[in-house]
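Reviewing the structure listed below.
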Amino acid sequence: MTLTAELTQRYSGQWNAMTHHTFITQVAERSIALENFNKWLVQDYLYVKGLVGFLGSLIARAPDSLTAPLGAAVGVLGDELTLFEQMARELGAELKGAELSPNCQHYMYFLDSVASRHGFLAGLAVYWAMEKAYLDSWRVVREESSEAAEWQAFVIQWTKPEFAQWVEFIGGEADRLAEGVSEAERELIAGLFLRVIQYECLFWDIAVTDSRWPV
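Heads up: the sequence shown begins at 33 in our numbering, then just goes up one per residue.
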């Protein structure tokens, strides 16, 4: 069994809980308060800015065949930041001077740890898991929405065919690189994969719970 198939099968229950988190279902139903949606928007904008550095760490260690594709992904993140800025203006979210929430900051610390402590394959698997999390979650929004919403641009961004093809590509590369690795390495990656699911759920929590610093 390929690495990605093993991971998605092993943690299918947790994955389903993530893709049907309260935030996702409320966005699909258009029942979420705009103020709460904007809390997520601001934090995800900050997160994407941080993700550029994580991708840079992958590029620095990537085999030659993946340097160009991962480099192009940095440009895509730049396009996403532009989209966030546009949507923030349209929805009234304030990006300037925004502070990282605890959940967002902890997720970014996790990525820093992956980049500094683990090899390229583990980092690529984590990156694939994050991208697939958005693909599958926003597909739920698209499939369960009865009509277009104010945030339709986000739905399109993370469910369009080009994004799905990118997720499939990096998953396939992770599978190829995982051929012949030790069982201990696969278990390490499995633990990181589960952590991505957990952090994604915590990230969705930003919109539906009080995620501010306590004092």
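Don't be surprised by glycine CBs; every beta carbon is placed ideally from N, CA and C.
When the beta-carbon positions are compared, Tyr-77 and Glu-122 stay at least 9 angstroms from each other. In the structure shown, the three-state DSSP call for Ala-239 is helix. If you look at Val-247, you'll find it isn't in any alpha helix (DSSP H); DSSP assigns it neither H nor E.
Inter-segment contact for the stretch 234-242 and the stretch 119-137 is present: three or more beta-carbon pairs are separated by less than 8 angstroms. Burial is judged here by how many other beta carbons sit within 10 angstroms of a residue's own beta carbon; Val-173 has at least 16 and is buried. When DSSP states are grouped into helix, strand and coil, Pro-134 belongs to the helix group. Here DSSP, grouped into helix, strand and coil, assigns Val-213 to coil. Excluding its 5 nearest sequence neighbours in each direction, Asp-168 has C-beta neighbours in its own chain below 6 angstroms: Thr-51, listed in chain order.
Relative to Asn-70, the option among Ala-125, Leu-83, Glu-112 whose CA is nearest is Ala-125. Per DSSP, Pro-101 is one residue of the alpha helix (DSSP H) stretching across 96-123. From the listed residues Leu-143, Trp-190, Ala-154, Asp-144, the smallest Cα separation to Lys-164 is found for Trp-190.
Per DSSP, reduced to three states, the secondary structure at Thr-191 is coil, with no helix or strand assignment. In the structure shown, Ser-177 falls within a coil segment according to DSSP collapsed to helix, strand and coil. In this structure, Ala-147 lies away from Val-74, with their beta-carbon atoms at least 9 angstroms apart. Per DSSP, the continuous alpha helix (DSSP H) segment holding Leu-87 begins and ends at 66-93.
Counting every other CB atom within 10 Å of its CB across the protein chains shown gives Tyr-141 a total below 16, marking it as exposed. Of the candidates Thr-40, Trp-183, Glu-217, Trp-183 places its Cα closest to the Cα of Ile-56.
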